[in-house]
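Visitor: Would you mind keeping the following structure in view while I ask a few things?
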Amino acid sequence: MTAETAAQELLTVKDLRVSATRRESQDLHVVDGASFSIAPGERAALVGESGSGKSVTCFSVMGLLAQNLRVSGGSIRWRGNDLATAKREEIRRLRGPEIAMIYQEPLTSLNPLMTIGYQLKEAARRSKVGRREILEMLDRVGFADPRRIMGQRPHELSGGMRQRVMIAMALIGQPKLLLADEPTTALDVTIQSQVLKLMYDLSYEMGTAVLIVSHDLSVVRKLSDTIHVMYAGQVVESGPTDSVLSQPRHPYTRALLSSAPRLGDTRERLESIPGIVPTPDQWDAGCRFRSRCPLATERCAETPPVDVVADRSSACWHVDQLLAEQKEATPL
Ligand SMILES: Nc1ncnc2c1ncn2[C@@H]1O[C@H](COP(=O)(O)OP(=O)(O)OP(=O)(O)O)[C@@H](O)[C@H]1O
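Take the sequence shown: its position 142, counted from the start at 1, is 1577 in the numbering used here, and no numbers get skipped.
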């Protein structure tokens, strides 16, 4: 990394390892060698099948890992500090004014007993923001009567309204980074895109970088500048969204694309990825996708090299073959 790129980076996660403590056996790594970085104002996405470690990675950045999990290796560089080794108190101070998060289900992060006003004031206090800005923020996220919302409790609001409150709460302090962990999965399909648009419009106006965790490649394609593909606890491919999705350099990304529906799709059937994701206790030093990969050879039992080309990186022994196959499949 050059001094120039390092200075441009907001968050750099390097070889992150998160371990789960187990009572009767050795600790288990649930994230194991994840690396990616995010620049100021960048819109990035973390994609991958269930269990690949996307949420745990976000919670590590927020310093909000479950009791039985801990960062056991690697670094999380945030504007010169390493959050992997920082004291809880230091990370707590960053939550709100610097890094904020929106969760899948707003009800788990809103207190059911407290009014929205109370909870927004708590969030605003950390960022030294007053009542006027809170009301303005509620107006910006689309509430016609912000004063009325302030007096209501979470159960009095619809799912979409609650998620808009969460967006207001997360962005009230104008953080530098917003982590959004599948922020619309709990919402009706009809309002998902409205809520996403709102989140991205506001973040853009504030210059806030966004890392969205999503299963939906069509959302990622539309809304993200860069994409990081996670598989079995590692980031296996990274790069600008358009180029990763049009010319994947990792067989797992190619498989994900074949299994995702696309607008105007003429394919009769989507191909599901054969096999199952190995669980953390099955991970080894070799390529973890090899049991499901059509290109796998014996060599894949060894740690795959990280292939870096311009702003793309992928970890695969067979990038050349993968690219040759894509060339053959693409009519001139
Ligand atoms: N508190 C915990 N204790 C032990 N293992 C955990 C804990 N939380 C998560 N895990 C394990 O960590 C791995 C990564 O989980 P994570 O929730 O980050 O995956 P994900 O990619 O976000 O999946 P999804 O898309 O389903 O949310 C999984 O194997 C999961 O079972």
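The C-beta atom is built at its ideal place from N, Cα and C for all residues, glycine as well.
Per the contact definition of three or more C-beta pairs closer than 8 Å, is the segment 1495-1510 in contact with the segment 1628-1637?
Guide: No, they do not touch.
Visitor: Leaving out five residues before and five after ARG1527 in sequence, what residues of the same chain have Cβ atoms less than 8 Å from its Cβ?
Guide: Here the question's residue 1527 lines up with position 92 in the sequence shown. Cβ within range, chain order: GLY1498.
Visitor: Since VAL1741 and ALA1731 are thought to touch, with beta carbons under 8 Å apart, how far apart are those beta carbons, to the nearest angstrom?
Guide: Against the sequence shown, residue 1741 aligns to sequence position 306. Against the sequence shown, residue 1731 aligns to sequence position 296. Going by Cβ atoms, the distance from VAL1741 to ALA1731 rounds to 18 Å, so no, they are not a contact pair.
Visitor: When the cut-off is 8 Å and only beta carbons count, does LEU1658 lie next to chain D?
Guide: Among the protein chains of the structure shown there is no chain D, as only one such chain exists.
Visitor: Under 7 Å Cβ to Cβ from PRO1581, same chain only, skipping five residues before and after it: list those, please.
Guide: The residue labelled residue 1581 in the question sits at position 146 within the sequence shown. Taken in chain order, the residues that qualify are LEU1570, LEU1573, ASP1574.
Visitor: May I ask which residues mark the beginning and end of the beta strand (DSSP E) holding TYR1666?
Guide: As a working mapping, residue 1666 is identified with position 231 in the sequence shown. Here the beta strand (DSSP E) through TYR1666 covers 1661-1666.
Visitor: What do you reckon, are the CB atoms on ILE1473 and ALA1644 nearer than 8 Å?
Guide: Mapped onto the sequence shown, residue 1473 falls at position 38. Mapped onto the sequence shown, residue 1644 falls at position 209. Cβ atoms of ILE1473 and ALA1644: closer than 8 Å.
Visitor: For ASN1503, tell me which candidate among VAL1491, TRP1513, ARG1514 has the shortest Cα-Cα distance.
Guide: Locating residue 1503 in the sequence shown gives position 68, counting from the first residue. For the residues VAL1491, TRP1513, ARG1514, the minimum Cα distance to ASN1503 belongs to VAL1491.
Visitor: Between which two residues does the alpha helix (DSSP H) carrying LEU1570 extend?
Guide: Numbered from its first residue, the sequence shown carries residue 1570 at position 135. Note, LEU1570: alpha helix (DSSP H), 1566-1575.
Visitor: Considering only heavy atoms of ligand 1, list every residue whose Cβ is less than 6 Å from one of them, following chain order.
Guide: In chain order, the qualifying residues are ALA1455, VAL1465, GLY1483, SER1485, GLY1486, SER1487, GLY1488, LYS1489, SER1490, VAL1491, ALA1501, ASN1503, LEU1504, PRO1715.
Visitor: Output needed for ILE1584: all residues of its chain with C-beta closer than 6 Å, excluding positions within five of it in sequence on either side, in chain order.
Guide: Taking the sequence shown and counting its residues from 1, the one referred to as residue 1584 is at position 149. The answer, listed in chain order, is ILE1551, LEU1573, PHE1578.
Visitor: Does the separation of the CB atoms of LEU1658 and TYR1639 fall below 8 Å?
Guide: Taking the first residue of the sequence shown as position 1, residue 1658 is located at position 223. Taking the first residue of the sequence shown as position 1, residue 1639 is located at position 204. No, the Cβ-Cβ distance between LEU1658 and TYR1639 is not below 8 Å.
Visitor: State buried or exposed for LYS1489, treating a residue as buried only when at least 16 other CB atoms are found within 10 Å of its CB.
Guide: Sequence index remark: in the sequence shown, residue 1489 carries index 54 (1-based). Counting Cβ neighbours within 10 Å, LYS1489 comes out buried, since at least 16 surround it.
Visitor: In its own chain, which residues sit with a C-beta less than 8 Å from the C-beta of ASP1589, not counting the 5 before and 5 after it?
Guide: Locating residue 1589 in the sequence shown gives position 154, counting from the first residue. Strictly speaking, residue 1589 in this sequence is Pro, with Asp absent from that position. Once the five neighbours on either side are set aside, the close Cβ partners of PRO1589 are PRO1541, LEU1542, LEU1545, ASN1546, PRO1547, ILE1551, ARG1597, VAL1600.
Visitor: Within the same chain, show all residues whose beta-carbon is closer than 8 Å to that of TRP1718, passing over the 5 residues directly before and after it, in chain order.
Guide: Translated into positions along the sequence shown, residue 1718 becomes position 283. Excluding positions up to five away in sequence, the list reads HIS1464, ASP1467, ALA1667, GLY1668.
Visitor: Rounded to whole angstroms, what is the Cα-Cα separation between ILE1534 and GLU1733?
Guide: The residue given as residue 1534 occupies position 99 in the sequence shown. The residue given as residue 1733 occupies position 298 in the sequence shown. Their Cα atoms are separated by approximately 43 Å.
Visitor: Since VAL1448 and SER1470 should fall inside the 8 Å C-beta cutoff, what is the C-beta to C-beta distance between them, to a whole number of angstroms?
Guide: On the sequence shown, residue 1448 is found 13 positions in, with the first residue counted as 1. On the sequence shown, residue 1470 is found 35 positions in, with the first residue counted as 1. Contact flag correct, Cβ pair sits at about 6 Å.
Visitor: Rounded to whole angstroms, what's the CA-CA distance from ALA1615 to ALA1605? Just pull it up for me.
Guide: Position 180 of the sequence shown, counting from 1, holds the residue named residue 1615. Position 170 of the sequence shown, counting from 1, holds the residue named residue 1605. ALA1615 and ALA1605: Cα-Cα distance of roughly 10 Å.
Visitor: Who does ASN1516 pair with in a DSSP beta bridge?
Guide: Stepping through the sequence shown from its first residue, residue 1516 is reached at position 81. The partner list for ASN1516 (beta bridge, DSSP) reads TRP1513.
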